[in-house]
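Using my numbering, read the sequence shown as starting at 3 and increasing by one per residue. I have placed the structure first, in the form of structure tokens, so that the comments after it can refer back to it.
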Amino acid sequence: MAARMWANPDIPADRFAIEDFNLSTDDLEILVAERGGLVVGFVGLDRAQRELSHLFVSPLEQGRGVGALLLAEAGRILGPGAHLLCDAQNSSVREFYRAQGWVEARESWGFVEFVRPMPAACRSLLPWAARCSPSEPARMACCHPQGLI
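This is the structure in structure tokens:
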């Protein structure tokens with residue numbers, strides 16, 4: 003909850019409730035990152051839509067690789083063409099996604115859509131690229147599906 007409040011400073015703290023989180027993630031698979039038995043970050047996945055949402059990292063863990071590992075695992079699971087939305091005014095998050103290899107596809111209504119690009123080796127196989135899976139291995143052993151938190 004602290005990460006969501008920190009990421010959304012324009013929303014009053016009393017507006018955050020676990021029920022809100024449960025409603026917004028009800029149809030998602032949740033991957034959780036742990037350190038020392040504590041949850042330090044999570045991300046929601048919609049495999050059918052190949053969409054990533056709700057990537058949050060504890061403010062105390064930011065800059066320590068947790069977000070990059072969650073994003074890499076989500077990208078590995080969802081594959082090339084996976085996408086996510088980001089607040090267009092959040093320049094640090096936009097830079098984070100770019101640094102992780104995601105590409106800005108379009109901007110609309112205050113949001114930017116990022117897309118995980120297809121590996122070059124797969125692009126050469128078009129139109130069969132949809133069958134090509136990413137070659138990168140999972141890099142986060144502590145990241146696992148948990149269902150709803």
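Each residue gets a CB set at the ideal place from its N, CA and C atoms; glycine is no exception.
Given a threshold of 16 other Cβ atoms within 10 Å of its Cβ, counted over all protein chains shown, does V42 qualify as buried or as exposed?
-> buried
Go through its chain and collect everything with a Cβ distance to P119's Cβ below 6 Å, but skip five positions before and after it.
-> Taken in chain order, the residues that qualify are V105.
Following the continuous beta strand (DSSP E) through L57, name the residue where it begins and the one where it ends.
-> E53 to V59
P14 (DSSP reduced to helix, strand or coil) = coil
Straight-line gap, A15 to Q51 (C-alpha atoms, nearest Å) | Take the alpha-carbon of A15 and the one of Q51: they are about 31 Å apart.
Option in F98, G69 and A90 with minimal Cα separation from V34 = G69
Between which two residues does the beta strand (DSSP E) containing G43 stretch?
-> L40 to D48
Cβ-Cβ distance between L40 and L80 below 8 Å = Taking a C-beta distance under 8 Å as the contact criterion, L40 and L80 do not qualify as a contact pair.
Hey, L30 and S55 are a contact pair by Cβ (cut 8 Å); roughly how many whole angstroms apart?
-> 7 Å
Quick one, are the C-beta atoms of V117 and C88 less than 8 Å apart?
-> no
Going by DSSP, what residues sit across from A35 in a beta bridge?
-> G43
When you compare only the Cα positions, how much space is there between S126 and A101?
-> Bear in mind that the predicted position of S126 carries a pLDDT of just 47, short of 50, making it too unreliable to give a figure here.
When S110, A76 and A74 are compared against Q91, the one with the closest alpha-carbon = S110
Which residues in the same chain have their Cβ closer than 8 Å to the Cβ of R49, if we skip the five residues on either side of it in sequence?
-> E31, I79 and L80
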